[in-house]
Amino acid sequence: MNDQPQKNLIIRDITKSFGSVTALKRVDLEVRQGEFFTLLGPSGCGKTTLLRIIAGLEQPSSGAIILTGKDITALPATKRNVNTVFQSYALFPHLSIFENVAFGLRSRKFPEQEVRKKVSDTLELLEMYPMRNRSPEQLSGGQKQRVAIARALVNEPDILLLDEPMSALDAKLRAQVQEELRRLQRRLGTTFILVTHDQAEALVCSDRIAVIEAGEVVQCGTPLEVYDFPRNRFVAEFLGAANLLQARRVNGGVETEVGFLSLNKQPEWPEGLVAIRPEWIRVGSEPSVNGVHATVQDIVYRGTNFDLTMSPGALRVRTNAFKNFKIGDQVWLELPPAELVVLEG
Amino acid sequence: MKQNTILWHGEMTTERALTRRGMSFLSSGIFWLTAFLVLPSLIFVVLSFAERGVYGEVIWNFSFDNYKRLAGFSSFGWTPDYLLILGRSVVVSLVTTLVSILLSYPLTFFIASRPARNRFVWLVILIIPFWTNIVIRTYAWFLLLSPDLPFARFATFLGFIPDGSSLYPSAFAVYIGMISDYLPFLALPLYSSVERMDWALVEAAQDLYASRYRVFMQAILPQTAPGLTVGIILTLVPTMATFVVPDLLGGAKYMLVGNLIQQQFGTSRDWPFGAAISMALMLLTLLSMRIYRRKGNTVDII
Amino acid sequence: MKKRHLVLQSISLFTIGMLYLPLFGIAVFSVNSAKHGWVWQEFTMKWYTGLLHNNYILEAAWNTLTLAVVSTLVSTVIGTLLAIGISRFPWGSRTNGFLGLMLNFPVVIPDIVMAGSLVVVFAILRSVSDVFQPGMVTMTIGHITFQIAFVALVVRSRLVSIGTDLEEAARDLFADNWYVMRRVIFPLLLPGIVAGGMLAFTLSLDDFVISFFTSGPTSQTLPLYIYSAVRRGVTPQIHALSTIIVLITVILVVLAERISRKK
Numbered sequence: 001m002n003d004q005p006q007k008n009l010i011i012r013d014i015t016k017s018f019g020s021v022t023a024l025k026r027v028d029l030e031v032r033q034g035e036f037f038t039l040l041g042p043s044g045c046g047k048t049t050l051l052r053i054i055a056g057l058e059q060p061s062s063g064a065i066i067l068t069g070k071d072i073t074a075l076p077a078t079k080r081n082v083n084t085v086f087q088s089y090a091l092f093p094h095l096s097i098f099e100n101v102a103f104g105l106r107s108r109k110f111p112e113q114e115v116r117k118k119v120s121d122t123l124e125l126l127e128m129y130p131m132r133n134r135s136p137e138q139l140s141g142g143q144k145q146r147v148a149i150a151r152a153l154v155n156e157p158d159i160l161l162l163d164e165p166m167s168a169l170d171a172k173l174r175a176q177v178q179e180e181l182r183r184l185q186r187r188l189g190t191t192f193i194l195v196t197h198d199q200a201e202a203l204v205c206s207d208r209i210a211v212i213e214a215g216e217v218v219q220c221g222t223p224l225e226v227y228d229f230p231r232n233r234f235v236a237e238f239l240g241a242a243n244l245l246q247a248r249r250v251n252g253g254v255e256t257e258v259g260f261l262s263l264n265k266q267p268e269w270p271e272g273l274v275a276i277r278p279e280w281i282r283v284g285s286e287p288s289v290n291g292v293h294a295t296v297q298d299i300v301y302r303g304t305n306f307d308l309t310m311s312p313g314a315l316r317v318r319t320n321a322f323k324n325f326k327i328g329d330q331v332w333l334e335l336p337p338a339e340l341v342v343l344e345g
Numbered sequence: 346m347k348q349n350t351i352l353w354h355g356e357m358t359t360e361r362a363l364t365r366r367g368m369s370f371l372s373s374g375i376f377w378l379t380a381f382l383v384l385p386s387l388i389f390v391v392l393s394f395a396e397r398g399v400y401g402e403v404i405w406n407f408s409f410d411n412y413k414r415l416a417g418f419s420s421f422g423w424t425p426d427y428l429l430i431l432g433r434s435v436v437v438s439l440v441t442t443l444v445s446i447l448l449s450y451p452l453t454f455f456i457a458s459r460p461a462r463n464r465f466v467w468l469v470i471l472i473i474p475f476w477t478n479i480v481i482r483t484y485a486w487f488l489l490l491s492p493d494l495p496f497a498r499f500a501t502f503l504g505f506i507p508d509g510s511s512l513y514p515s516a517f518a519v520y521i522g523m524i525s526d527y528l529p530f531l532a533l534p535l536y537s538s539v540e541r542m543d544w545a546l547v548e549a550a551q552d553l554y555a556s557r558y559r560v561f562m563q564a565i566l567p568q569t570a571p572g573l574t575v576g577i578i579l580t581l582v583p584t585m586a587t588f589v590v591p592d593l594l595g596g597a598k599y600m601l602v603g604n605l606i607q608q609q610f611g612t613s614r615d616w617p618f619g620a621a622i623s624m625a626l627m628l629l630t631l632l633s634m635r636i637y638r639r640k641g642n643t644v645d646i647i
Numbered sequence: 648m649k650k651r652h653l654v655l656q657s658i659s660l661f662t663i664g665m666l667y668l669p670l671f672g673i674a675v676f677s678v679n680s681a682k683h684g685w686v687w688q689e690f691t692m693k694w695y696t697g698l699l700h701n702n703y704i705l706e707a708a709w710n711t712l713t714l715a716v717v718s719t720l721v722s723t724v725i726g727t728l729l730a731i732g733i734s735r736f737p738w739g740s741r742t743n744g745f746l747g748l749m750l751n752f753p754v755v756i757p758d759i760v761m762a763g764s765l766v767v768v769f770a771i772l773r774s775v776s777d778v779f780q781p782g783m784v785t786m787t788i789g790h791i792t793f794q795i796a797f798v799a800l801v802v803r804s805r806l807v808s809i810g811t812d813l814e815e816a817a818r819d820l821f822a823d824n825w826y827v828m829r830r831v832i833f834p835l836l837l838p839g840i841v842a843g844g845m846l847a848f849t850l851s852l853d854d855f856v857i858s859f860f861t862s863g864p865t866s867q868t869l870p871l872y873i874y875s876a877v878r879r880g881v882t883p884q885i886h887a888l889s890t891i892i893v894l895i896t897v898i899l900v901v902l903a904e905r906i907s908r909k910k
C-alpha cells in the first residue's frame with residue numbers, strides 16, 4: 001500500500017453494556033474514506049449496537065468514535081454528519097416520498113429552492129423521481145429501500161450506515177439490489193457501513209469485512225482474506241461451508257483422521273483444527289501431494305456444481321457439474337498445502 | 346452534583362433534563378388524578394371508619410362500627426339483611442357474567458364466520474347496544490315487561506303472575522335486564538380475540554381428538570383468553586356495582602349493593618356507612634376477579 | 648356439521664334479539680298515540696314535536712352536550728400528555744408501576760365507588776370555594792376524571808404501535824425536539840388522539856352514575872331526566888327522547904366504524 005487512504009472513521013476501544021449484558025467488548029476498527037465496509041455476524045452479536053453507536057443513537061459505555069480526526073463520541077445523531085438506512089426503513093407514513101427525502105434538509109432549514117433541487121437530484125439518482133408524490137404504503141419493498149437510501153444520501157453524509165437493508169426483500173431481488181448498492185457506492189465514493197448476517201451479501205458488496213462474534217471483532221479483512229484464510233473455527237463456519245479437520249502437529253505438517261497433511265506454515269498449537277474449502281479440494285484418479293484415498297458417499301446436484309460427501313472424514317467436495325460421479329466411486333483427493341488453513345485454537 | 350449525559354433515541358441530554366421534560370408532560374394528569382381520584386379514594390377509606398352525626402354530618406371518630414353494622418350487628422342483635430344483599434350481588438354478578446360468556450361464544454363465532462363483506466354490519470350490530478345508554482336500555486325492558494304486553498300476558502297465561510300485573514319487580518326481571526345490558530361488555534372484547542384466532546389449531550385439535558370439550562379447552566379457550574379476561578373484568582365490575590337495573594326492575598325486594606350505597610349517599614345520608622359498603626364492594630369485586638384471573642394484565646378495550 | 652351451525656345461528660339470533668327487542672319496543676311506543684296504558688292506538692309524531700316545546704328536555708340536552716364537549720376537550724389534552732409522558736421517557740420500574748396503576752384504576756374501580764368518593768371530596772372542597780357546589784362544574788370534573796384514563800390508554804397503545812424507529816430516524820435526519828414533536832409524533836398520533844377523544848365523548852354521553860351523584864338541582868342531563876321521569880311516571884315523550892338518543896348512538900357508531908375502517 002503506497003498511497004495510504006485518509007483514515008475516515010476510527011472506532012477506538014468501544015465497550016457497550018446493557019445492565020449486566022455486554023453487547024460489545026473493546027472493539028477497535030478503522031474504516032477508510034470511500035470504503036464499503038461490512039459488519040458481519042449472527043443476530044445478537046452486537047453489530048447493530050455498534051452501528052447505532054456510530055449513528056449517535058446509542059452511547060458507548062467506554063471508548064471513542066473519531067470521524068476525520070474529530071472525537072464525536074459526545075455528539076448526538078443530530079450533530080453527526082452520518083445518516084442511517086434503518087432495517088424497517090422507518091419511512092414517515094404520513095409524508096409523501098418527496099417530503100420523506102426532504103425531511104433532513106427541511107429540519108436544517110435549507111432554502112426551499114435548494115431542497116427541491118437536491119431532493120429531485122437524489123430521487124433521480126435512485127430512479128424514484130416518478131414516484132415522488134406517492135405515500136410510502138404504495139411502494140414495494142425494493143422501492144421503499146431506495147427511498148430510505150435517498151432520504152439518507154440527500155444529506156451528503158460522510159458515512160452512510162445501512163442496518164440489514166435487505167432483510168425485508170425476497171431472495172431474488174436481494175441479489176440484484178446488492179450489486180446495485182455496490183455500484184452506487186463506487187459511483188458516489190461515500191463511505192458505506194453495512195450491517196448484515198448474510199455472508200454472501202457481505203462478500204458481494206464489501207471492500208472489507210469485520211466478522212463479529214459475541215461482541216468482539218474476530219477478523220477484519222478483504223472478502224478474499226476472510227473467506228480463504230479464516231482465522232478461527234467461527235469465521236470458517238460462518239462464511240460458507242468448510243471442512244474442519246481435527247489435527248495433531250507432527251514434523252512438517254499435521255496428522256489428521258484422513259492421514260498426514262503437509263502444510264506451508266507450521267501450526268503454533270500441538271493439537272487443533274485445520275480447514276479447507278470444499279471447492280479447493282481437487283478430485284483425481286492418481287495420488288498426489290496430500291493425497292487422500294476416498295469413497296463417494298453422497299451426491300447433491302446444485303445446478304452449477306455437485307456437492308460430494310466423501311469418507312473418510314465426511315469431507316465435503318465441490319466439483320464442476322460436468323464431472324460425473326456415482327455413489328461408491330473410489331477417488332484420490334488432493335488437499336493442496338496452500339489452501340489448508342491453520343485455525344487459531 | 347454529577348450530570349450524567351445520556352443518549353435518548355438520538356438526543357443527547359442529561360438524566361435530569363429528561364426527567365424534568367417527562368414530568369412536564371405528566372404533571373397535569375398526575376395533578377388531576379391525584380386530586381380527584383387518588384386522594385378521594387384515600388379519604389374514602391378513612392371515611393369508612395368514621396361516624397354519622399345526627400344530621401348526616403361526618404364525625405371523624407375512628408371505629409369499626411360501620412363494618413360491624415354491615416356484618417349485621419346492631420343494637421337490636423344480629424340480622425343477615427346486609428350480608429344477604431352482598432351475597433345476592435355476588436351471585437347476580439357471577440351468573441350474569443357466566444350466562445354472558447355462554448351466549449357470547451356462539452355470538453362472536455357467528456359474527457366471525459360471516460363473509461368479510463357483511464361482517465362489518467354484524468359487528469356494528471353488536472357495538473350499538475354497547476354504546477347505548479344503560480338507563481335507556483334498562484327502561485326499555487321496564488316497558489316490555491309491563492302489564493298487558495305479550496311477555497306479561499304469556500306469564501299470566503302460564504299462571505306465574507296475576508292478570509294485569511307486570512313482570513317486575515322480580516329477580517327474573519333483574520337477570521333479564523342485567524344480561525342484556527352487560528352482555529356487549531363481554532362479547533365485544535371477546536370478539537377481538539375470536540377474530541384473530543388461528544382456526545388451523547382448532548382443526549388440528551379436531552383432527553387429533555374428537556371430543557368437543559377438549560377442542561374448546563385446548564384450542565379455543567387459550568386463544569381467546571386475552572379477550573375473555575378483559576370481557577370478564579368489564580362485566581364483573583359494573584354488574585357488581587349496578588344500581589340502575591335493580592332500582593328499575595328489582596324494587597325494594599331485590600336490592601343489590603349498588604342500591605345500598607346509593608341510599609347512603611341519597612336519602613339516608615350516611616356517608617361513612619356508604620364508604621364502608623363501597624370497601625366491601627371493592628373487596629368482593631377483587632375476589633370475584635381472582636376466580637377468573639388469568640395471565641395478561643393489560644386492559645385493552647378498544 | 649350443518650346441525651351445529653344451525654344451533655350456533657339460533658343462539659346468536661336469540662341473543663341479538665334480546666339486545667334489540669327492547670329498543671324496538673321503545674321505538675314502537677314512541678309513535679303510539681295512547682297517552683296512558685300499553686295499548687296500541689294509532690301512529691303519531693306528536694311526542695317528537697312535543698319534545699321541542701319541553702324546556703326541561705331542551706335544557707337537559709344542552710347540558711348533556713356542554714358536559715360532553717367540555718370534559719372531552721380537557722380530558723383529551725390531559726390524557727394525551729399523560730400518555731406521551733408515560734411511554735416516551737425512561738421511568739424506573741417503580742414510577743412505571745405507579746403510573747400504570749393510576750391508568751387502570753378508573754377502568755376497574757366500580758363507578759359508584761368513584762362517584763361516592765367524589766361526593767365526599769366536593770363536600771370538603773366546598774368549604775374552600777363555592778365552585779364545588781353540585782352542578783355542572785362538579786359533573787364536568789367527575790367526567791374528566793374517568794375519561795383521562797381511557798384517553799391515555801388509547802393514545803398510549805397508538806404510541807406503542809408507532810414505535811420509536813420513526814423518532815430515531817427523525818433524529819438521524821437532524822430534527823430537534825420541537826421538530827420531532829410537530830412533524831412526526833403529533834401527525835402520527837392524531838388518529839389515536841381523535842379515537843381517544845371520541846371514546847371520551849361517548850363515555851360522557853353514556854354516563855349515568857357519576858352524573859347522578861355529582862349533579863345539582865340545575866344541572867339535569869338527558870340520562871338523569873329519563874331516570875327521574877321513569878320514577879315519576881312515564882310519559883310517551885320519554886319514548887320519543889330515548890328513540891332519538893338511540894338513533895344518534897347508531898349514527899355515531901357507524902361513523903366511528905367508517906373512520907376507523909378507512910385507516
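Chains as they are written, first to last, in the numbering used here: chain A, 1 to 345; chain B, 346 to 647; chain C, 648 to 910.
Every residue gets a Cβ at the ideal spot worked out from N, C-alpha and C, and that includes glycine.
Distance between Ile759 of chain C and Pro591 of chain B (C-alpha atoms, nearest Å): 14 Å
For Thr256 of chain A, the residue or residues it bridges with in DSSP: A:Ala247, A:Gly259
Leu428 of chain B beta carbon less than 8 Å from that of Gly417 of chain B: yes
Listed by chain order, chain A residues near Ala816 of chain C by CB distance under 7 Å: Phe86, Ala90
C-beta neighbour in chain A for Pro737 of chain C, strict 8 Å: no
8 Å Cβ cut-off: residues of chain C touching Ala150 of chain A: Under the 8 Å cutoff, chain C gives no residues; its nearest Cβ is about 12 Å from Ala150 of chain A.
The segment 742-759 of chain C touching the segment 787-802 of chain C, judged by at least three CB pairs closer than 8 Å: yes
Residue nearest to Pro336 of chain A in terms of C-alpha spacing, selected from A:Tyr301, A:Asp329, A:Val292: A:Val292
Nearest neighbour of Leu340 of chain A, chosen from A:Gln297, A:Asn251, A:Asn264, A:Met128 [CA to CA]: A:Asn264
Assigned secondary structure, Gly422 of chain B (DSSP; H/G/I helix, E/B strand, else coil): strand
8 Å Cβ shell around Leu51 of chain A - same chain, five flanking residues per side excluded: Leu39, Thr84, Leu161, Asp163, Ile193, Val195
One or two residues paired with Thr70 of chain A in a DSSP bridge: Residue identity check: residue 70 of chain A is Lys in the sequence provided, not Thr. Bridge partners of Lys70 of chain A: A:Leu67.
Distance, Thr612 of chain B Cα to Glu396 of chain B Cα: 17 Å
Alpha-carbon spacing of Leu806 of chain C relative to Lys693 of chain C, whole angstroms: 50 Å
Candidates A:Pro157, A:Ile10, A:Ala275, A:Ala202: closest to Arg174 of chain A by CA position: A:Ala202
Amino acids of chain B, ordered along the chain, whose beta-carbon sits closer than 9 Å to that of Phe24 of chain A: Sequence check: residue 24 of chain A is Leu here, not Phe. Neighbours of Leu24 of chain A on chain B: none; closest Cβ ~15 Å, over 9 Å.
Length-filtered (4 minimum) alpha helix (DSSP H) runs lying within the segment 816-893 of chain C: 833-853, 856-861, 869-879
As assigned by DSSP and simplified to three states, the class of Phe37 of chain A: strand
Cβ contact check for the segment 818-833 of chain C and the segment 82-99 of chain A: 3 or more pairs under 8 Å: yes
Unbroken beta strand (DSSP E) run spanning Gly291 of chain A, endpoints: 291-301
Residues near Met648 of chain C in its chain [Cβ-Cβ closer than 6 Å; skip 5 each side]: The predicted position of Met648 of chain C is uncertain, since its pLDDT is 48 and thus under 50; a value taken from the coordinates is nonetheless stated next. Excluding positions up to five away in sequence, the list is empty.
Integer-rounded CB distance, given that Thr861 of chain C should sit under 8 Å from Met786 of chain C: 5 Å
Close-in-space but distant-in-sequence residues of the same chain around Ile149 of chain A (CB under 7 Å, 5 per side omitted): Val85, Leu126
Cβ contact (3+ pairs, closer than 8 Å) linking the segment 248-264 of chain A and the segment 350-367 of chain B: no
Closer than 8 Å at the beta carbon, the chain C residues around Trp405 of chain B: Result: empty, since nearest Cβ-Cβ is about 11 Å, beyond 8 Å.
For Arg541 of chain B, three-class secondary structure by DSSP: coil
Distance, Asn305 of chain A Cα to Ser228 of chain A Cα: A small correction: the amino acid at residue 228 of chain A is Asp; Ser does not occupy that position in the sequence shown. Whole-angstrom Cα-Cα distance: 19 Å.
DSSP three-state assignment for Trp405 of chain B, whether helix, strand or coil: coil
Neighbouring residues, chain B, relative to Thr896 of chain C (Cβ below 7 Å): Ile473, Trp476, Thr477
Cβ-based neighbour list, Gly46 of chain A, same chain, cut-off 7 Å, excluding 5 preceding and 5 following: Ala23, Leu24, Ile212, Gly215
Exposure label - Ser114 of chain A; buried when at least 16 CB within 10 Å: At residue 114 of chain A the sequence reads Glu, which differs from the Ser that was named. Classification of Glu114 of chain A: exposed, given that the 10 Å Cβ count is below 16.
Buried or exposed by the 16-neighbour rule on C-beta atoms within 10 Å, applied to Ser734 of chain C: buried
Span of the alpha helix (DSSP H) around Ile193 of chain A: Not the alpha helix (DSSP H): Ile193 of chain A falls in the beta strand (DSSP E), residues 191-196.
Chain-order list of residues whose beta-carbon lies under 8 Å from that of Arg134 of chain A (same chain, five-residue window excluded): Ser96, Ile97
Asp645 of chain B (DSSP reduced to helix, strand or coil): At Asp645 of chain B, the pLDDT of 40 sits below 50, so the modelled position is not reliable; the number obtained from the coordinates is stated separately. DSSP places Asp645 of chain B in coil when its eight states are reduced to three.
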